[in-house]
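Below: the structure, in structure tokens.
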Amino acid sequence: MKLNLFFKRTSLMIWVTMVWVLPSLAADIVSVKGESTFYDDGTHSKIECERLALEQARVDALAKKFGTIVSQDILQADRVQGNREKNDFLSLSSTEVRGEWVADDGDPVYTYDRDANQNLIVTCVIKGKAKAIDNEAAQFNSQVLRNGTDSRNADINFKNGDAMFLDFQGGEDGYLAVFLEDEQKQVFQLLPYVSDQKSRVPVKKGERYVFFSPRDGMKGEIVDELVLTAEYNTEYNRVYVLFSPMQFSSPVMNRNPGELHYMNAEEFSKWLVKTRKNDPKMGVKAMNLIIQPSR
-10 MKLNLFFKRT SLMIWVTMVW VLPSLAADIV SVKGESTFYD DGTHSKIECE RLALEQARVD
50 ALAKKFGTIV SQDILQADRV QGNREKNDFL SLSSTEVRGE WVADDGDPVY TYDRDANQNL
110 IVTCVIKGKA KAIDNEAAQF NSQVLRNGTD SRNADINFKN GDAMFLDFQG GEDGYLAVFL
170 EDEQKQVFQL LPYVSDQKSR VPVKKGERYV FFSPRDGMKG EIVDELVLTA EYNTEYNRVY
230 VLFSPMQFSS PVMNRNPGEL HYMNAEEFSK WLVKTRKNDP KMGVKAMNLI IQPSR
């Protein structure tokens, strides 16, 4: 199958950084199970319905295991209109789960039905590994950029041939790795770059980095440039950003000279669960990407 990812390399110079090994701790990761039904209104494809049902099922699993947090903010504005004073109140409520998804445990199971208008109804059951949210995980900001390296280019909706960049800023010194999972359940390592022999990228506290951009690359890097492709059908990919103040090892991946290293999604999930058990300070952000044909 054709991979919907193309990359080219831009050579700059040779750059070497020394790193130190730090001890790791164990984190509590548990098994969870969730279920959710998505009711389409006729505006989504079957694949989109499956993806939305899956995301809701993951949230259901986390909520059942760890509970939810309901927050409410009250905003008050005092205004004078004519000779009268007026108070405006706005209440904003939000609900968040108290856990985070670590990895799937097997493939999701889907069942299908139709409503009276023949719109698709998709039910998803998913098993996985998860952990309670705590204050140990390293904090960072990261977003995918499309066809530009400014923060205003942040987007998850791509078209065939669009360039992809990654914006990153960590709350402390640490180490970074980035992976991409495609629809064929293959996981590719995007960072470190192909020519880099390390298993993670060292980053400095508060410094903004833009990856996959030769213009923004540091002196000494060989930068891989990414172009996302979907020639005929809409593709759904997922980017994983891993950041920790402690060093961590790369998974064992298939390696071909000059190509992105890769492994299957099941083995990647096992590695991620094990790594996060040993490193409670590791933070992970998963971002879903949609790549559409250019027509």
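Residue numbers for the sequence shown follow the working numbering, so the first one is -10 and each next one is one higher.
For each residue, glycine too, the CB sits at the ideal point set by N, CA and C.
- Burial of Lys120 is indicated by the presence of at least 16 other C-beta atoms within 10 angstroms of its C-beta.
- In this structure, the straight-line span from the alpha carbon of Phe257 to that of Phe177 is close to 10 Å.
- Setting aside the 5 residues that flank it on each side, Leu180 is surrounded in the same chain by Leu165, Ala166, Val167, Val190 and Phe200, each with a C-beta closer than 7 Å to its C-beta; the list follows chain order.
- When secondary structure is reduced to three states using DSSP, Leu169 falls in the strand class.
- For Gly88, DSSP records a beta bridge to Ala121.
- The three-state reading of DSSP puts Arg135 in strand, counting E and B together.
- In the DSSP annotation of this structure, the continuous segment of the alpha helix (DSSP H) that includes Asn267 starts and ends at Ala254 to Asn267.
- The segment 266 to 273 makes contact with the segment 218 to 232: 3 or more CB pairs, one atom from each, lie closer than 8 Å.
- Assigned with DSSP and collapsed to three states, Glu44 falls in helix.
- In this structure the segment 239 to 252 does not touch the segment 87 to 98; the number of beta carbon pairs closer than 8 Å is below three.
- Scanning Lys35, Pro282, Gln186 and Thr223 for the CA closest to the CA of Asn108 turns up Lys35.
- Look at Lys174 here: in three-state DSSP terms it is coil, with no helix or strand label.
- Rounded to whole angstroms, Met276 and Arg227 show a C-alpha spacing of 6 Å.
- Under the three-state reduction of DSSP output, Phe55 falls in the helix class.
- Cβ neighbours of Tyr221 within its own chain (closer than 7 Å, five residues either side excluded): Pro282.
- By the criterion of a C-beta distance shorter than 7 Å, Glu161 is surrounded in its chain by Ala127, Lys194 and Pro234, once the five residues flanking it on both sides are discounted.
- The beta carbon of Asp29 is closer than 6 Å to those of Cys38, Asn108 and Leu109 in its chain, skipping five residues each way along the sequence.
- Between the beta-carbon of Val91 and that of Ile18 there is about 6 Å, and that keeps the pair under the 8 Å contact cut.
- Residue environment: Asp268 is assigned as buried (16 or more neighbouring CB atoms within 10 Å of its CB, all protein chains considered).
- The alpha carbon of Ile279 has as its nearest neighbour, out of Phe237, Leu41, Ser20 and Val21, the alpha carbon of Leu41.
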